[in-house]
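Please read the structure below before turning to the comments.
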Amino acid sequence: MACHLIRRHSGHVDRLTASDSFSHETVFADLRLAAMKREREPSSKAYRQDRFENTERAAKETIEAEQRARREKTKRLKELRLSQQGAKDPATK
């Protein structure tokens, strides 16, 4: 009879005999069966095109939002710098 040692996180060792253990073939068969039963996405060309366009739109919106945030930050820093320079040099007022 085959004997396998299983080490737990606590360091405790359990012995599994062949009658107690499960085969890898059974596990893989169960995984394959679950994958076969899983609902599939439609594979039509129109669906793929729509998904691609949605991804492209989301990427474009993200890039635009990042650019807008960068411009606003630059504007705020510039205004802050100008106000600090104005406070340092009252002769320019």
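Heads up: the sequence shown at position 76 corresponds to 76 in full-length UniProt numbering, and the numbers run straight through without jumps.
Where a beta carbon is used, it is the ideal one built from N, C-alpha and C, also for glycine.
The structure presented is a predicted model; accordingly, all values stated were derived computationally and were not measured.
In the DSSP assignment, R38 falls outside any alpha helix (DSSP H) and carries neither an H nor an E.
Distance between Y47 and N54, taken at the CA atoms: about 11 Å.
Cα atoms of L77 and Q67: separation of roughly 15 Å, rounded to the nearest angstrom. Judged by DSSP secondary structure, S83 falls within the alpha helix (DSSP H) whose first and last residues are K45 to K88. One alpha carbon belongs to S44, the other to F52, and they sit about 12 Å apart. Here the C-alpha atom of E64 lies approximately 16 Å from the C-alpha atom of K75.
T62 has its alpha-carbon roughly 30 Å from the corresponding atom of E39.
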